[in-house]
């Protein structure tokens, strides 16, 4: 049986968007974010994060520093009763300063590469799945991958996802 999945953008959806977040001490969760992931996990959704991380291409932080933050976020989510299956990230940017990450790619949203990779890696039912993002490019990436996208504009994330689930 195919899994139903929820894809979350990171900055501005799960955590407050601070420029180029990579330090744990600068992480501030969006109200209801941990609870939203726990709620969806308990409903049987597989949870993914799909996040553009151009700070890597720009040389502001390393993949290792980002991975430390992500591991911390996953532990915090687990402590709240949720599970993030995998975090997909795009380290690229056309105007980067780190050569290996500078240039045009297929994974930087609004391109659907990260979602397509998750769909290839896991047996996901696109019809039963959705994305929550805070920008038009997030929703465009979801739609290009054949997944319904919802634009989150603020407020309690748990309330937002409960409304989505009740409509589906």
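In the working numbering, the protein residues as written are 5 to 172.
Where is the CB? At the ideal position from N, CA and C, for every residue including glycine.
This structure is a prediction, so every number in the text was calculated from the model and none was measured.
For residue i, the three-state DSSP class (helix, strand or coil)
| i | result |
| --- | --- |
| residue 44 | helix |
| residue 56 | strand |
| residue 97 | strand |
| residue 155 | strand |
| residue 23 | coil |
| residue 7 | strand |
| residue 108 | coil |
| residue 117 | helix |
| residue 81 | helix |
| residue 28 | helix |
| residue 91 | strand |
| residue 34 | coil |
| residue 136 | strand |
| residue 176 | As displayed, the chain neither begins before 5 nor continues past 172, which places residue 176 out of reach and without an answer. |
Member of the options whose CA lies at the smallest distance from the CA of residue i
| i | options | result |
| --- | --- | --- |
| residue 96 | 30, 85, 109 and 129 | 109 |
| residue 147 | 168, 114 and 158 | 114 |
| residue 112 | 41, 56, 99 and 49 | 56 |
| residue 61 | 26, 80, 103 and 78 | 103 |
| residue 162 | 26, 18, 106 and 77 | 18 |
| residue 140 | 155, 151, 85 and 45 | 155 |
| residue 77 | 34, 133 and 99 | 34 |
| residue 36 | 159, 167 and 85 | 159 |
Contact check, residue i vs residue j, beta carbons under 9 Å
| i | j | result |
| --- | --- | --- |
| residue 64 | residue 24 | yes |
| residue 83 | residue 38 | yes |
| residue 53 | residue 28 | no |
| residue 94 | residue 118 | yes |
| residue 136 | residue 10 | yes |
| residue 58 | residue 100 | yes |
| residue 165 | residue 44 | yes |
Euclidean distance between Cα positions of residue i and residue j
| i | j | result |
| --- | --- | --- |
| residue 79 | residue 72 | 11 Å |
| residue 138 | residue 75 | 22 Å |
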